[in-house]
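In structure tokens, the structure reads:
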């Protein structure tokens, strides 16, 4: 599921943190992690992807909103 970066079945702040680490090049994602962390669907992981994941975790937006720039 998009946004579930640590692949544990739920979207939490931990997923946003991991996406942010990928965007900062502190950690390299696996192929599966890359697919679910790239929520903006622009073939790169950025801080904006992490922000959107965090917004889902905080229930500001829904999973259905991922992939839509806000």
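Residue numbers (this note's numbering): 2 to 71. All C-beta atoms, glycine included, are put in the ideal place defined by N, C-alpha and C. Computed from a predicted model, the values in this text were never measured in an experiment.
Here residue 41 really is in contact with residue 53; their C-beta atoms are around 7 Å apart, less than 8 Å.
Distance from the Cα of residue 2 is smallest, within the candidate group 26, 48, 39 and 21, for 39. Where residue 53 is concerned, the enclosing alpha helix (DSSP H) starts and stops at 48–58.
Check the Cα spacing between residue 11 and each of 26, 49 and 37: the tightest is with 37.
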